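> Sending over a structure as structure tokens; questions will come in a sec.
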Amino acid sequence: MSVALEVLLPPFVACLVLTGIHTYLGLHVVSRGVIFVDLALAQIAALGATFAFLLGYDPHGSTGYLYSLTFAFIGAAVFSVSRLKDQRVPQEAIIGITFAVASAAAILIADRAPQGAEFVEAMLTGALLWVPWPTILKTAAIYAGIGLFHWIYRHRFLTLSINPERAAAEGWSVRWWDFLFYMSFGFVITSSVAMAGVLLVFSFLVIPSVIAMIFARNIAARLMIGWIAGTLASMVGLGLSFAYDFPSGPAVVCTFGLALILAAVVRYVMTAERRAVALARVGGGMFAVAAALWIAFSTAALPVPGTAGTAAEAATAVDPAERAAAAIEALATSTGDPPADAIQTLVALGERFHSMMAAGQIEISEAAAQALARPEAGESVTDLLVEVAYHAPDPWVRLRGAQGLLERKELLGIQPLFDLMDSDAPVFLKVQAVEVLRAAAHTDFGYDPQGSVEAQEEALKQWRAWLDVNKAKPLP
């Protein structure tokens, strides 16, 4: 099995699972005119996971899932009650308010938790490339149950979404059936957010459905078009993510956006009375966008304001701690190659670099560690990376230092990753540590950050045995 297939097959299957249920639910959401209910309910589920994270539970474990599900059910109850006959306040306004409050509450809660900012970012963007097979299969089983439930009561749910006046005229309990709809929706969203993140879940729900509604009117045709569009956009987005080292979630979201633009252009040309004129307009628009991008990227090499000044401060400051702090800031704010002067300043500190970091006189940020880890920084930073990988207080910084060592074929980068995997670090950090190890060692001993403690200890035992055997050999 090729590396690309091995890496991309699990997230692609996950995208297929997400596309299947979300396209169907998206047709309901768009028909009801509550476009942002998915975003709001996803954020409420993420709020539940954030609360579990604050209490010390694994947000991807059983307890974290129950917290997310409970919060999602509360949101379902709110949305079912907010659909009133007298719509003085549109339901979409209530949904928007709920989303804003849930987002703010998640930020406040995360502010009280270690690595809270990284957790919030992970809940937004997800970790699609690292989703394990057991999670995919469990999520597919949940979606299958929800799909069966909707198939049995399809007449009720479709009538409520497409023709609510008829449902009220026939005496149905609209609030009760709305609650059942949003409750089933909550089951789906809770599983989806844990796997793909808030932004990607929203894209899976709305964009394939909108593309389908552009081209078709009946439900069957819309479902088919939505499934095809979601599958193709997922394939392209994941391929771009792998080829250009983009974050997988944002890459797929942007691909969905481009797919919607393409669908709108195709529809515009197909329905235009004068197709030649329509094609000319489309071509002119594409040329304008291409010109704007060319101008933007042609000026991207200009120095960022403040970066050059920071590098100069690093070279002229008298106090060693001030020089080191200025050099670290120059690295953190650099957009091109790491500043050579800043690197030389830190390398010249020698052993004092460790003592300054231990005493809290300097603090290495993740951005600075990433700059040091880049191949363009050269081999002179190896000792700095060792210090960062083994002694930086921030686990994310230690991860970047270890990654830089392994990219330089230094086996010293392996032990810090073992330490991270054997710690109480967040699950998504452990996932990244495993991916770095796999990329460097080209082997996998089945370590699952979401698995049992016993299984993790056994996998780490095999990793350490592998290191004992291969520590005298160069990395492949």
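When you number the sequence shown by our numbering, it's gap-free, plus one each residue, and the end is 471.
Backbone N, C-alpha and C fix where the C-beta goes; we use that ideal spot for every residue, glycine too.
Here the structure is a predicted model, which means the values were calculated and not measured.
Using 8 Å as the cut-off, can you tell me whether the segment 30 to 39 makes contact with the segment 92 to 103, which would need three or more C-beta pairs spanning the two stretches below that distance?
Verdict: yes, contact present.
> Specify, as a first and last residue, the run of the alpha helix (DSSP H) that F74 falls within.
Segment 57 to 76, the alpha helix (DSSP H) holding F74.
> Return yes when the Cβ of P411 is within less than 8 Å of the Cβ of G396, no when it is not.
In contact: G396 and P411 (Cβ atoms closer than 8 Å).
> Which of the three DSSP states is assigned to D443 in this structure?
Correct three-state label for D443: coil.
> Given this structure, state the Cα-to-Cα distance separating G301 from S329, to the nearest angstrom.
Any reading at G301 must be qualified, since the residue scores a pLDDT of 44, below 50, and its modelled position is unreliable; no value is offered.
> Alpha carbon to alpha carbon, how far is T305 from E324?
Interpretation of T305 is limited by its pLDDT of 49, a score under 50 that renders its predicted location unreliable; the figure taken from the coordinates is listed afterwards. Cα to Cα, T305 sits roughly 7 Å from E324.
> What's the C-alpha gap between R149 and E160?
One C-alpha to the other measures close to 17 Å.
> Here's the rule I'm using: 16 or more other beta-carbon atoms within 10 Å means buried, otherwise exposed. How should M416 be labelled?
With 16 or more Cβ atoms within 10 Å of its Cβ, M416 is classed as buried.
> Alpha carbon to alpha carbon, what distance is there between I338 and S360?
Whole-angstrom Cα-Cα distance: 15 Å.
> For R393, I'd like the list of residues in its chain whose CB is within less than 6 Å of its CB, leaving aside the five on either flank, ordered along the chain.
Contacts found: A384, A387, P411.
> Could you compute how far the alpha carbon of L380 sits from the alpha carbon of L288?
Between L380 and L288, the C-alpha separation is close to 36 Å.
> Sort S77, L344, I209, A291 by Cα distance to D314 and report the nearest one.
Selected option, being the one with the closest Cα: L344.
> D417 by DSSP, collapsed to three states: which one?
Coil at D417, not helix or strand.
> What is the DSSP secondary structure of K404, reduced to helix, strand or coil?
If DSSP states are grouped into helix, strand and coil, K404 belongs with coil.
> Can you tell me which of the three DSSP states I290 falls into?
Helix at I290.
> Which class does P5 belong to by DSSP, given the choice of helix, strand or coil?
Here P5 sits in helix by DSSP.
> In this structure, does DSSP put G232 in helix, strand or coil?
Helix at G232.
> Counting Cβ pairs closer than 8 Å, one from the segment 224 to 232 and one from the segment 270 to 290, do we hit at least three?
Contact between the segment 224 to 232 and the segment 270 to 290 is absent, because fewer than three Cβ pairs lie under 8 Å.
> Am I right that P203 and G21 are in contact with their C-beta atoms under 8 Å? What's the rounded C-beta distance?
That belief holds up - the Cβ atoms of P203 and G21 are roughly 6 Å apart, short of 8 Å.
> With distances taken Cα to Cα, identify the nearest neighbour of V32 among A44, V422, F46, H17.
Ranking the options by Cα distance to V32, first place goes to H17.
> Helix, strand or coil: which one does DSSP assign to G345?
The answer is coil: DSSP assigns G345 none of H, G, I, E or B.
> Could you please give the first and the last residue of the uninterrupted alpha helix (DSSP H) stretch that includes S329?
First-last for S329: undefined, no H or E at that position.
> Specify, as a first and last residue, the run of the alpha helix (DSSP H) that I184 falls within.
I184 -> alpha helix (DSSP H) spans 169 to 191.
> On a Cα-Cα basis, can you pick out the residue from A67, F68, F180, A47 that is closest to T58?
Looking at the Cα atoms, A47 is the closest of the given residues.
> Using the three-state DSSP reduction, which class does A354 fall into: helix, strand or coil?
Correct three-state label for A354: coil.
> Please work out which residues of its chain come closer than 7 Å, Cβ to Cβ, to R403, disregarding the five sequence neighbours upstream and downstream, and give them in chain order.
Closer than 7 Å at the Cβ level, and outside the excluded window around R403, lie E374, T377.
> Whole angstroms are fine: how far does the CA of G232 sit from the CA of G15?
Their backbone Cα atoms lie some 17 Å apart in a straight line.
> Could you tell me the alpha carbon to alpha carbon distance between F174 and V426, rounded to whole angstroms?
Whole-angstrom Cα-Cα distance: 36 Å.
> Excluding the 5 residues preceding and the 5 following R170 in the sequence, name in chain order all residues of the same chain whose CB lies nearer than 6 Å to its CB.
Contacts found: S75.
> Which residues in the same chain as F440 place their Cβ atom closer than 6 Å to its Cβ, once the five residues preceding and following it in sequence are excluded?
Answer for F440: A454, Q457, W458, listed in chain order.
> Can you give the Cα-Cα distance for R217 and L61, rounded to whole angstroms?
Rounded to the nearest angstrom, the two C-alpha atoms are 33 Å apart.
> What is the DSSP secondary structure of G142, reduced to helix, strand or coil?
G142: helix per DSSP, three-state reduction.
> CB A67 to CB I184, shorter than 8 Å?
Yes, these two residues count as a Cβ contact at 8 Å.
> Are the segment 138 to 147 and the segment 176 to 191 touching, with three or more C-beta to C-beta distances below 8 Å?
As far as the Cβ criterion goes, the segment 138 to 147 touches the segment 176 to 191, which means the pair count is three or higher.
> Buried or exposed, going by whether 16 or more other CB atoms sit within 10 Å of the CB of H437?
Exposed, since its Cβ has fewer than 16 Cβ neighbours within 10 Å.
> Should G43 be labelled buried (16 or more other beta-carbon atoms within 10 Å of its own) or exposed?
G43 comes out buried.
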